[in-house]
Amino acid sequence: MTAQFLMDGLVAGAIIGLGAVGVTLTYSILRFANFAHGELLSWGAYFAMAVSGALGAMASGLSRPIAPFSFGWSLPLALVVAMLMTGLLALIVDALLFASFRRRGSAVIIMVMASFGASLALRSLLEFLFTSRPAYFTRALQMAMKLGGGLRATPDQLLMLVLALLTVIVTHLVMTRTDMGRSMRAVSENPALAGIAGIDVRKVIRMVWFLGAALACVAGVMSGLLVQIRPYLGHDLLLPLFAAAILGGIGSVPGAVLAGLIIGICEAFAVQVVGAEWRAAVSFIILIAVLLLRPRGLFGKAA
């Protein structure tokens, strides 16, 4: 066994952690498990691919790779646009589906089943628009660099780790240092009391949808750049996302990221020890263990 699984696990864990932030924020404020969140990763990746392709067609210089990375300036620009588009998609889904259930005071199980239906619809629409064939941001090959200690990583992988770290820091600052972040925490604690205190709960809900979807887009683009883009990209990550959100503690942004790294490293370790076919089982085992031994997670508040 080599130590390379640590680097592979950190990269996978960064993607899981970013996606889990959206899951934990949505659950803490809207009080239901959103099974459609995984599809936002897929849509974000496809949005970025479409915008990047359009920018490259308009200005060929934008698609020229930036040394030492495998992509050109069209992808970073496309990522910003894709985050906005994914956020708008989440707001549209909420307005067309979940908002009506909230107004009627529907049971949580109704919201969960609605999110499951939305997941199927969004995934099927992706397959209709882009087909089920894998797509790629770039087909350029990169050589892994030696980092010491038996670890290797490509420039793209190192950049993704830095991007994930910066994104999490910005999100944490938004949650802890801004009025909107304080409003989110208040609504998470008690929506009714927050409304009485003058907080616009509907505005907070819209902000949560947008922020969670934007982070999902970043995670989707990271996964698409390092592996490939396909309609089932987000679906395959859904169980690790929920496992990380629960392990980290519902509502905790740093907890979700740390838990994502733990799950990513555990998955990579399992691949080394028992084979890749058992990778998916790792998230399930961690999820069950957390629910049995520490339901509030690493940083969750005691009930």
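The sequence shown begins at 1027 in this note's numbering and counts up one residue at a time.
We treat Cβ as the ideally placed atom computed from N, Cα and C, and that holds for glycine.
Computed from a predicted structure; not experimentally measured.
DSSP, reduced to helix, strand and coil, places residue 1128 within a helical segment of the structure shown. Out of 1247, 1150, 1181, the CA that lies nearest to the CA of residue 1172 is found in 1181.
Under the three-state reduction of DSSP output, residue 1206 falls in the helix class. Within the same chain, Cβ atoms closer than 7 angstroms to the Cβ of residue 1214 are found at 1054, 1055, 1277, the five residues on either side in sequence being excluded.
Of the residues 1256, 1242, 1178, 1288, the one whose Cα lies closest to the Cα of residue 1112 is 1242. Within the model, the alpha-carbon separation for residue 1253 versus residue 1128 is close to 37 angstroms.
Remark: C-beta atoms of residue 1193 and residue 1244 approach each other more closely than 8 angstroms. Between residue 1263 and residue 1043, the C-beta spacing is not below 8 angstroms.
Here DSSP, grouped into helix, strand and coil, assigns residue 1171 to strand.
CA-to-CA, the gap between residue 1239 and residue 1109 works out to about 7 angstroms. Residue 1274 is positioned such that its CB atom lies no closer than 8 angstroms to that of residue 1052.
The Cβ-Cβ distance between residue 1119 and residue 1144 falls below 8 angstroms. Per DSSP, residue 1218 is one residue of the alpha helix (DSSP H) stretching across 1217-1222. Residue pairing of residue 1178 in beta bridges, as defined by DSSP: 1172. Annotation for residue 1184: no residue places its beta carbon closer than 6 angstroms to its own, counting only its chain and skipping 5 residues before and after. Within the DSSP secondary-structure output, residue 1311 pairs in no beta bridge.
Taking 8 angstroms as the cut-off, the beta carbon of residue 1069 is found no closer than this to the beta carbon of residue 1177.
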